[in-house]
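Numbering (my numbering), first residue to last: 2 to 159. Where a beta carbon is used, it is the ideal one built from N, C-alpha and C, also for glycine.
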């Protein structure tokens, strides 16, 4: 009699745990990612040749950690003020689970250097809530006095 009761209780527990897993789903399912290329435009207003290097990552609400994208190696931005486009490849823009879709936030980390060694390098991070946030405008590279030295400044204008 006692053995039957123990077996019944264990059976009920197995059914309850199984029901709980069925209702909540498996929490360790891998995320599916949608990656796209993002095109950024630059305009050098310093009068001297500059170079831009871009790295960074995407983050889908801390679901699976940061998703780094391949760095864009040092690219020359001409001194004549013409626009230069740079394509950042394989940027994670969407993370999907079986029942939800998340837009990923993107961090573009830019290192901008001048051909003039007397001008300080600029390190700046741009945060984007959507992949298109920086695609419709231009990153302007300017030079400002910072005490006795010159400093590169990167700003974004729509």
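Item to complete: Enumerate in chain order the residues of its own chain whose CB-to-CB distance from residue 143 is below 6 Å, with the five nearest sequence positions on each side excluded.
Response: Your numbering for residue 143 matches position 142 in the chain shown. Here the set comprises 46, 154.
Item to complete: May I have a chain-ordered list of the beta strand (DSSP E) segments no shorter than 3 residues that lie completely inside the region 86 to 110?
Response: 102 to 104
Worksheet entry | For residue 140, the nearest candidate out of 43, 33, 19 (CA to CA) | Position 139 of the chain shown holds residue 140. Here the closest residue by C-alpha is 43.
Worksheet entry | Same chain, Cβ closer than 6 Å to residue 151, neighbours up to 5 away in sequence not counted | Working through the chain shown from its first residue, we reach residue 151 at position 150. 120, 144, listed in sequence order.
Worksheet item: When the distance is taken between beta carbons, is residue 93 closer than 8 Å to residue 218?
Response: What the structure shows of the chain is the stretch from 2 to 159, and residue 218 is not part of that stretch, so it cannot be assessed.
Worksheet item: What's the C-alpha gap between residue 110 and residue 54?
Response: Along the chain shown, one-based indexing puts residue 110 at 109. Along the chain shown, one-based indexing puts residue 54 at 53. If I take the Cα positions, the gap works out to 8 Å.
Worksheet item: Taking the alpha-carbon positions, what's the residue 157 to residue 107 distance?
Response: As a position in the chain shown, residue 157 is number 156, starting the count at 1. As a position in the chain shown, residue 107 is number 106, starting the count at 1. The alpha-carbon atoms of residue 157 and residue 107 are separated by roughly 15 Å.
Worksheet item: Whose C-alpha, out of 159, 77, 115, 71, is nearest the C-alpha of residue 134?
Response: Looking up residue 134 in the chain shown gives position 133. The shortest C-alpha separation from residue 134 is found at 159.
Discussion item. So, with DSSP's three-state summary, where would you put residue 35?
Written reply: On the chain shown, residue 35 is found 34 positions in, with the first residue counted as 1. In the structure shown, residue 35 sits in a strand (DSSP, three-state: E or B).
Worksheet item: Where do the N-terminal and C-terminal ends of the beta strand (DSSP E) with residue 52 fall, by residue?
Response: On the chain shown, residue 52 is found 51 positions in, with the first residue counted as 1. Start and end: 51 to 60.
Discussion item. My output table needs one value for residue 156: the three-state DSSP class, helix, strand or coil.
Written reply: Here residue 156 corresponds to residue number 155 of the chain shown, with the count starting at 1. It is a strand residue.
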